[in-house]
Amino acid sequence: MGIGIEISSEMIEAFCRRNHIRSFSFFGSVLRRDFGADSDVDVLVEFEGSYCPDLLEIVRMENALTEMFGRRADLVERESVVASKNYIRRRRILESAETVYVA
């Protein structure tokens, strides 16, 4: 499985360090053959320890990722996926996620 965008591991690591991210993974169409010019990039993150960003911080992170990738990015917290009652979505995301950074 490959990632449909080019981004350096150094850029991802710097982003994660700045934003207290313990793990950073891609999921969704960015990992599939149907990833196209109008596709967004889905990112799954786990934050360090007790760090809990507010909504404005999440939006700021999404905007920073959008700028890094040159296309819209959606940031999803792993904790919210694990806690989701939608087991189909939960399984699809967790089983397909490709981790590219772990602190």
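Using the working numbering, the letters of the sequence shown map in sequence onto residues 5 to 107. Glycine included, every Cβ here is placed at the ideal spot set by N, Cα and C.
Among residues of its own chain, excluding the 5 on either side of residue i, which ones have a beta-carbon nearer than 6 Å to its beta-carbon?
| i | result |
| --- | --- |
| E50 | R26, S27, R82 |
| A107 | R26 |
Whole angstroms are fine: how far does the CA of residue j sit from the CA of residue i?
| i | j | result |
| --- | --- | --- |
| I62 | D46 | 14 Å |
| G6 | F30 | 10 Å |
| R75 | E102 | 19 Å |
| S13 | Y91 | 31 Å |
| D38 | M72 | 21 Å |
| C20 | A41 | 25 Å |
| G32 | S100 | 7 Å |
| A87 | R93 | 11 Å |
| L127 | K89 | Within the shown structure, residues of the chain are numbered from 5 to 107, placing residue 127 beyond reach of any answer. |
| L35 | R95 | 16 Å |
| I11 | R22 | 17 Å |
Between residue i and the rest of its own chain, which residues show a CB-CB distance below 7 Å, the 5 nearest in sequence each way excluded?
| i | result |
| --- | --- |
| A77 | D44, V45, V47, E66, L69, T70 |
| L98 | V85 |
| H24 | F51, E52, Y55 |
| L79 | V47, V49, I62, M65, E66, L69 |
Return the Cβ separation of residue i and residue j in integer angstroms, given the expectation that the two are a contact with Cβ distance under 8 Å.
| i | j | result |
| --- | --- | --- |
| V104 | I16 | 6 Å |
What residue ranges within the region 38-102 form continuous beta strand (DSSP E) runs of no fewer than 3 residues, ordered along the chain? As far as the region 38-102 is concerned, its whole beta strand (DSSP E) runs of at least 3 residues are 45-51, 77-81.
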